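The listed protein sequences derive, respectively, from chains A, B, C and D.
Under the numbering used here, residues -10 to 71 are what the first sequence spells out, in order.
Under the numbering used here, residues -10 to 71 are what the second sequence spells out, in order.
Under the numbering used here, residues 32 to 191 are what the third sequence spells out, in order.
Under the numbering used here, residues 32 to 191 are what the fourth sequence spells out, in order.
Virtual Cβ for every residue (Gly too), placed ideally from N, Cα, C.
Just so you know, these numbers come straight off a predicted model, no measurement behind them.
For reference, the structure is listed below as C-alpha cells.
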Amino acid sequence: MQFDVRLFALYRERAGSSIVTVNVPDDATVGDLSDAVRALHPRLAPPEVRIVVAVNAEYADDDQALSPGDEVCLIPPVSGGR
Amino acid sequence: MQFDVRLFALYRERAGSSIVTVNVPDDATVGDLSDAVRALHPRLAPPEVRIVVAVNAEYADDDQALSPGDEVCLIPPVSGGR
Amino acid sequence: MIILTDKPLDPVAVTDSVRKDGNGAVVTFLGTTRDNFGGKTVTRLEYEAYDVMAIKKMEEVRESLCADYCIEDIGIAHRTGRVDVGHISLVVAVASPHRIKAFEACHEAVNRIKTIVPIWKKEWFADGSRWVACEDHEFVDEAEHRHAHAERHAAAAGDD
Amino acid sequence: MIILTDKPLDPVAVTDSVRKDGNGAVVTFLGTTRDNFGGKTVTRLEYEAYDVMAIKKMEEVRESLCADYCIEDIGIAHRTGRVDVGHISLVVAVASPHRIKAFEACHEAVNRIKTIVPIWKKEWFADGSRWVACEDHEFVDEAEHRHAHAERHAAAAGDD
Chain A
-10 MQFDVRLFAL
0 YRERAGSSIV
10 TVNVPDDATV
20 GDLSDAVRAL
30 HPRLAPPEVR
40 IVVAVNAEYA
50 DDDQALSPGD
60 EVCLIPPVSG
70 GR
Chain B
-10 MQFDVRLFAL
0 YRERAGSSIV
10 TVNVPDDATV
20 GDLSDAVRAL
30 HPRLAPPEVR
40 IVVAVNAEYA
50 DDDQALSPGD
60 EVCLIPPVSG
70 GR
Chain C
32 MIILTDKPLD
42 PVAVTDSVRK
52 DGNGAVVTFL
62 GTTRDNFGGK
72 TVTRLEYEAY
82 DVMAIKKMEE
92 VRESLCADYC
102 IEDIGIAHRT
112 GRVDVGHISL
122 VVAVASPHRI
132 KAFEACHEAV
142 NRIKTIVPIW
152 KKEWFADGSR
162 WVACEDHEFV
172 DEAEHRHAHA
182 ERHAAAAGDD
Chain D
32 MIILTDKPLD
42 PVAVTDSVRK
52 DGNGAVVTFL
62 GTTRDNFGGK
72 TVTRLEYEAY
82 DVMAIKKMEE
92 VRESLCADYC
102 IEDIGIAHRT
112 GRVDVGHISL
122 VVAVASPHRI
132 KAFEACHEAV
142 NRIKTIVPIW
152 KKEWFADGSR
162 WVACEDHEFV
172 DEAEHRHAHA
182 ERHAAAAGDD
C-alpha cells in the first residue's frame, strides 16, 4: 500500500516537506508505516522516541492495521503550555 | 455622644429608615451602640444574632471604643453567593 | 481598575486593564443574574452598597490577592441597583504569566469579594423578595409562618 | 461554538455564546503571546494546526467537559498562524449556574486542549526559534551543541 503521510511543525521542517510518500506491505501496521517514514528521514526524531501517529484524524496505536486510503499524519508533541 | 447610625439592606428595611440616631455614654463601645440601636428597633435581628458594625468604613469589634464624629454603620451579612 | 457603578458593566474594559505583554494567561469572571433560585423564578436582583467601604474593601481584595498570588493587577467592577436576568453584576479579571495562578487568583478574588465587600443582594420573585445570606437574621416565628404558608401553598398547588 | 481561524479572535463573541439566563457564573480564559520565555525575549508566536483533527478534538473537549462538569456548553476559539506579543491565541469560555464549576471546567478545558488538540506553537526569538514541547524530539548532539553555544554566549556576556 502507498500512503502520502502528512507531517506537521517540527517534523515538517526536519523532513523539509509536508508530505512523505511511503510504500508498505498490505498487512502493515501504524508502527510499520511510522518506521518507513523514519527510514527515509532518520533525523525526524531520536531513535528512542516514539512518534505519535493519527489515522483519519484520530490518535492510533502502533499495532493498529491500515487500510488503503487512510489519511495518516505524524503528530509532534502538542504545546502543553502553562 | 450622639451618633447617626447608618443602616443598609435588611436592617434599613426593618427599621424603616436608613439613619437611626442614638445617644450613648462617652465611654460607650461599639457593642453598646449596637445595643442602643437594637433597643430602639428590636426587630432588626433576633436577640441571639450578633450585628456586625463598621466604624469609619472598617469592620469593628464590639469592645472597640467610639469617638465623637465616627461614622457608624450596621452591616448585614454580605451575599456570599456561589 | 476598581469600579462601583449603577451603570452597565464593561467586561472588556476590565479585562483589558490587566493585560500586559508579560502575561500569557488572562481569566475573567462574570457574575450574572440567574433566572432561578431554589426552584423559584427570579425576575431581577437589586444590589445595595455601602459605597465608600465597598470600594475600600475591593482595593483590599486587590492588594491581598496581588501579594498572595504574585500577580501584578486585578480588575474588579461591581454594579449596584437593579440588575435584570442575564445582566452582569460583577466582573473580575486577573492576568498572570501562567494560567494556574490566573485561575486560582481570579476564583479566590471572587470568594473574597463575596465575603468582605459590603454589597447586599436582594432577589425578587414573582411573589416577593428576600435579602440573600440573611437567613440568620430571620426570626423563628417568621420562619414558622413562612413554612406553614409554603405547606398551604404546596397543598393548594397539589389540588390543581 | 468551536472556532479555528487565522484571523484575530473575538473573546466577547465566544463568551456570549455560552451565556444563558440560568447561569450565574461565566469564566473566560484568554491565552496571549507572552513577551518572554525562560528569560529570552519572544518576538512572536506561530501556530500550526492539523485543522480537521484539531476541530474534532476541540469538539471532544467540549463534549467531555460538558459531561464531566454537568455544564451546558463551552466556547473554544483557537488562532493559527502568526500571533504577535499581547495578542490572543486561545479563548475558552464556560458558563454554569455556580462559579466553582465554571472555574474548574474552564481550567480543565484549557488543560485538555493543550494536551490533545493537534496545534503546535513555535516561539520566535531575536536569534532563532523553537517548537514548544518538542524537547524529547531533540537529538542529544544538538542539545550539547546548544548547551556549549549557551556557555560560550554566557562567557562572552560576562566579559562586557
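Residue i and residue j closer than 8 Å at C-beta
i, j, result
"residue 67 (chain A)", "residue 44 (chain A)", "no"
"residue 156 (chain D)", "residue 72 (chain D)", "yes"
"residue 125 (chain C)", "residue 105 (chain C)", "yes"
"residue 168 (chain C)", "residue 35 (chain B)", "yes"
"residue 53 (chain C)", "residue 149 (chain C)", "no"
"residue 122 (chain C)", "residue 59 (chain C)", "yes"
"residue 62 (chain C)", "residue 120 (chain C)", "yes"
"residue 40 (chain D)", "residue 108 (chain D)", "yes"
"residue 52 (chain B)", "residue 18 (chain B)", "yes"
"residue 40 (chain A)", "residue 63 (chain A)", "yes"
"residue 49 (chain B)", "residue 42 (chain B)", "yes"
"residue 166 (chain C)", "residue 160 (chain C)", "no"
Nearest neighbour of residue i, chosen from the options [CA to CA]
i, options, result
"residue 10 (chain B)", "B:28, B:-2, B:-1 and B:16", "B:28"
"residue 7 (chain B)", "B:13, B:-2, B:15 and B:14", "B:-2"
"residue 131 (chain D)", "D:40, D:56, D:46 and D:43", "D:56"
"residue 80 (chain C)", "B:-9, B:1 and B:37", "B:1"
"residue 97 (chain D)", "D:66, D:77, D:69 and D:49", "D:49"
"residue 101 (chain D)", "D:136, D:85, D:51 and D:65", "D:136"
"residue 133 (chain C)", "C:151, C:88 and C:46", "C:46"
"residue 152 (chain D)", "D:99, D:139 and D:110", "D:110"
"residue 116 (chain C)", "C:40, C:158, C:75 and C:103", "C:75"
"residue 65 (chain A)", "D:78, D:114 and D:103", "D:78"
"residue 142 (chain C)", "C:88, C:159 and C:37", "C:88"
"residue 38 (chain D)", "D:114, D:138 and D:139", "D:114"
"residue 99 (chain D)", "D:140, D:67, D:118 and D:112", "D:140"
"residue 36 (chain C)", "C:144, C:112, C:103 and C:165", "C:112"
"residue 16 (chain A)", "A:26, A:-4, A:-9 and A:37", "A:-9"
"residue 33 (chain C)", "C:118, C:144, C:66 and C:67", "C:144"
"residue 12 (chain B)", "B:31, B:25 and B:5", "B:25"
"residue 146 (chain D)", "D:154, D:159, D:103 and D:163", "D:163"
"residue 51 (chain D)", "D:44, D:154, D:103 and D:43", "D:103"
"residue 31 (chain A)", "A:-4, A:4 and A:46", "A:4"
Reduced DSSP secondary structure (H/G/I, E/B, other) of residue i
i, result
"residue 120 (chain D)", "strand"
"residue 29 (chain A)", "helix"
"residue 51 (chain D)", "coil"
"residue 38 (chain D)", "coil"
"residue 102 (chain D)", "coil"
"residue 134 (chain C)", "helix"
"residue 185 (chain C)", "Here the model assigns residue 185 (chain C) a pLDDT of 42, short of 50, so the residue's position is not dependable and the matter cannot be decided."
"residue 175 (chain D)", "Note on residue 175 (chain D): pLDDT 48, under 50, position unreliable in the model; no value is reported."
"residue 127 (chain C)", "strand"
"residue 62 (chain B)", "strand"
"residue 150 (chain C)", "strand"
"residue 23 (chain B)", "helix"
"residue 68 (chain B)", "coil"
"residue 61 (chain C)", "strand"
"residue 1 (chain B)", "helix"
"residue 56 (chain A)", "coil"
"residue 115 (chain C)", "strand"
"residue 107 (chain C)", "strand"
"residue 39 (chain B)", "coil"
"residue 73 (chain D)", "strand"
"residue 45 (chain B)", "coil"
"residue 85 (chain C)", "helix"
"residue -5 (chain B)", "strand"
"residue 95 (chain D)", "helix"
Quick one: any contact between the segment 83 to 92 of chain C and the segment 50 to 58 of chain B, if contact means 3 or more CB pairs under 8 Å?
At 8 Å Cβ cutoff, the stretches do not touch.
Residues in the segment 44 to 64 of chain C with C-beta within 9 Å of chain D's C-beta atoms, listed in sequence order?
The residues in question are 46, 50, 51, 52, 53, 54, 55, 56, 57, 58, 59, 60, 61, 62, 63 and 64.
Positions along the segment 113 to 135 of chain D whose CB lies within less than 7 Å of some CB in chain C:
Those residues of the segment 113 to 135 of chain D that come within reach of chain C (Cβ to Cβ, closer than 7 Å) are 116, 117, 128, 130 and 134.
Mind listing which residues of the segment 135 to 147 of chain C have their C-beta closer than 8 Å to chain D's C-betas, in chain order?
Here the close residues are 137, 138 and 141.
For the segment -9 to 5 of chain A, which residues have a CB atom closer than 7 Å to at least one CB atom of chain D, in sequence order?
-3, -2 and -1
For the segment 45 to 60 of chain B, enumerate the residues whose C-beta is nearer than 7 Å to any C-beta of chain C, in chain order.
46
Taking only beta carbons into account, state which residues of the segment 150 to 162 of chain D come closer than 8 Å to chain A, listed in chain order.
150, 151, 152, 153 and 162
What are the residues in the segment 80 to 110 of chain C lying within 7 Å of chain B by C-beta distance?
81, 83, 84 and 87
To be precise: take each residue of the segment 21 to 45 of chain A, compare its Cβ to all Cβ atoms of chain D, and keep it if any distance is under 7 Å. Which residues remain?
Sequence-ordered contacts of the segment 21 to 45 of chain A with chain D read 34, 35, 38 and 43 [C-beta pairs closer than 7 Å].
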